[in-house]
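Protein chains: 2
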Amino acid sequence: MQLESFVARSLGRWRSMRSGHSLAFQQFEDVRSSVLIEPIGLQDPLVLKLIRDCKIHDAKPLLPFRMEWNAESDWEPDGPSEVSAGSCVLIPIPTDNQKGILLRSAGYAEAEQAVSNYAFLEDDTFILTTQYGQSIAEERIWFVSENVRCRSSVLRTSAGSGILQTSFASEIRRLDSFSQ
Amino acid sequence: MQLESFVARSLGRWRSMRSGHSLAFQQFEDVRSSVLIEPIGLQDPLVLKLIRDCKIHDAKPLLPFRMEWNAESDWEPDGPSEVSAGSCVLIPIPTDNQKGILLRSAGYAEAEQAVSNYAFLEDDTFILTTQYGQSIAEERIWFVSENVRCRSSVLRTSAGSGILQTSFASEIRRLDSFSQ
Chain A
-18 MQLESFVARS LGRWRSMRSG HSLAFQQFED VRSSVLIEPI GLQDPLVLKL
32 IRDCKIHDAK PLLPFRMEWN AESDWEPDGP SEVSAGSCVL IPIPTDNQKG
82 ILLRSAGYAE AEQAVSNYAF LEDDTFILTT QYGQSIAEER IWFVSENVRC
132 RSSVLRTSAG SGILQTSFAS EIRRLDSFSQ
Chain B
-18 MQLESFVARS LGRWRSMRSG HSLAFQQFED VRSSVLIEPI GLQDPLVLKL
32 IRDCKIHDAK PLLPFRMEWN AESDWEPDGP SEVSAGSCVL IPIPTDNQKG
82 ILLRSAGYAE AEQAVSNYAF LEDDTFILTT QYGQSIAEER IWFVSENVRC
132 RSSVLRTSAG SGILQTSFAS EIRRLDSFSQ
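Going down the list, the protein sequences come from chains A and B.
Using the numbering used here, read the first sequence as starting at -18 and increasing by one per residue.
Using the numbering used here, read the second sequence as starting at -18 and increasing by one per residue.
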């Protein structure tokens, strides 16, 4: 099953380089961060709470996981770097082998809970679409080797086809995971 | 046919924001550039020469085009920007509706002629794979709206699975095309 393989390959500690492109202002934001992805149990209170909060009934969750990130922004090369950190719980609920929904305790574009739709392309690219209040985010994640994955996002306005910003992250598995 | 639609949507003048990620050195390179993509004739001398140079026999080329770019690098925010410019001819030679080869008068990763393989995914993402002397490049191009397209690349060593660098470009159609 594509989802099982995708989650298994994603687990671990990653060193991420991410570039954000603000299209209207033609500005770049480059951020290095550390990302940890680890499995959590189906009966974990955070999992049960998120399913309840999202009002998903008869959910058959599979392989929930937790993401944690510590980012260091390059916006101000001469000043103190802005450091941001956070974590969220993600719960896949497959509808068939290729697609399903994904619950998130914190969204990508807006800091609210989100219910996304996911689907896999034939080459295993994972595509996640999230409708927020004011915007729609499409993320793509694909593995280019066992230890390198790419992640892109496009954020557009809910009304109309305006593209607000895009981003791209190159993520390398940290093989020093266990000493961190 | 996916190729015809892809080429038709690509024609025009684009404003590109591109971020390169050097994975080994964890360095970013942000570049703004202007890209022009225009059709050229099947009988254009540049087209005939490239087909001859690539030693492709019985080629059935379709919709050749020309790319021209003017880039301004952000490596040195305080010094004079490094400006690079170039152009190349691209000739698709379909083998079926979804895939084929693409001849390029100048390659992406190395400044040599290149014969790439292309294929479309089911969501119309265009995937281009090029074997160079020392490296293999995989590029992906997908449209997120009529006037915005994304382009990613991953460069890996020919021998082994080492990933050298990645890049991502957000390209916005310039609607002032005709006044340029």
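The C-beta atom is built at its ideal place from N, Cα and C for all residues, glycine as well.
Residue range of the unbroken beta strand (DSSP E) whose run includes residue i
{"i": "B:D104", "result": "Looking at the DSSP string, B:D104 is not in any beta strand (DSSP E), and its letter there is neither H nor E."}
{"i": "B:L83", "result": "80 to 85"}
{"i": "A:L29", "result": "Note, A:L29: premise wrong, no beta strand (DSSP E); alpha helix (DSSP H) at 26 to 34."}
For residue i: DSSP bridge partner residues
{"i": "A:R130", "result": "A:F124, A:E152"}
{"i": "B:C69", "result": "B:M48"}
{"i": "B:S0", "result": "B:D11, B:F149"}
{"i": "B:E119", "result": "B:T110, B:V135"}
{"i": "B:S97", "result": "B:L83, B:T111"}
{"i": "B:I18", "result": "B:G(-7), B:M48"}
{"i": "B:P75", "result": "B:G81"}
Contacts that residue i makes with chain B (C-beta to C-beta distance below 8 Å)
{"i": "A:L102", "result": "L102, E103, D104, T106"}
{"i": "A:S7", "result": "Note that residue 7 of chain A is Gln in the sequence shown, not Ser. Going along chain B in sequence order, the residues near A:Q7 (Cβ under 8 Å) are R(-4), M(-2), R13."}
{"i": "A:L4", "result": "M(-2), V129, S151, I153"}
First through last residue of the alpha helix (DSSP H) which encompasses residue i
{"i": "B:F(-13)", "result": "-17 to -9"}
Straight-line gap, residue i to residue j (C-alpha atoms, nearest Å)
{"i": "A:I18", "j": "B:V28", "result": "49 Å"}
{"i": "A:M(-18)", "j": "B:A95", "result": "37 Å"}
{"i": "A:A118", "j": "B:V12", "result": "24 Å"}
{"i": "A:R(-4)", "j": "B:D39", "result": "48 Å"}
{"i": "B:S116", "j": "B:G143", "result": "10 Å"}
{"i": "A:V70", "j": "A:A87", "result": "8 Å"}
{"i": "A:F(-13)", "j": "A:N78", "result": "12 Å"}
{"i": "A:F124", "j": "B:G(-7)", "result": "31 Å"}
{"i": "A:V129", "j": "B:Q8", "result": "16 Å"}
{"i": "A:L23", "j": "A:E53", "result": "32 Å"}
Supposed contact pair residue j and residue i - C-beta distance, whole angstroms, cut 8 Å
{"i": "B:A122", "j": "B:F107", "result": "With the sequence shown as reference, residue 122 of chain B is identified as Ile, and Ala is not the correct amino acid for it. Confirmed, about 4 Å."}
{"i": "A:I32", "j": "A:P42", "result": "7 Å"}
{"i": "B:P26", "j": "B:L44", "result": "In fact, because the Cβ distance is near 17 Å, the residues do not count as touching under 8 Å."}
{"i": "A:L4", "j": "A:L109", "result": "About 20 Å; that fails the 8 Å criterion."}
Chain-ordered chain B contacts of residue i [CB-CB under 9 Å]
{"i": "A:L109", "result": "Near A:L109 there are no residues of chain B at all, since even the closest Cβ is about 13 Å away, more than 9 Å."}
Interface residues of chain A facing residue i [CB-CB closer than 9 Å]
{"i": "B:F124", "result": "Chain A residues near B:F124: none, gap ~10 Å exceeds 9 Å."}
Interface partners of residue i on chain B, CB under 7 Å
{"i": "A:S142", "result": "S126"}
Residue i: contacting residues in chain A (beta-carbon distance under 7 Å)
{"i": "B:S133", "result": "C131, S133, F149"}
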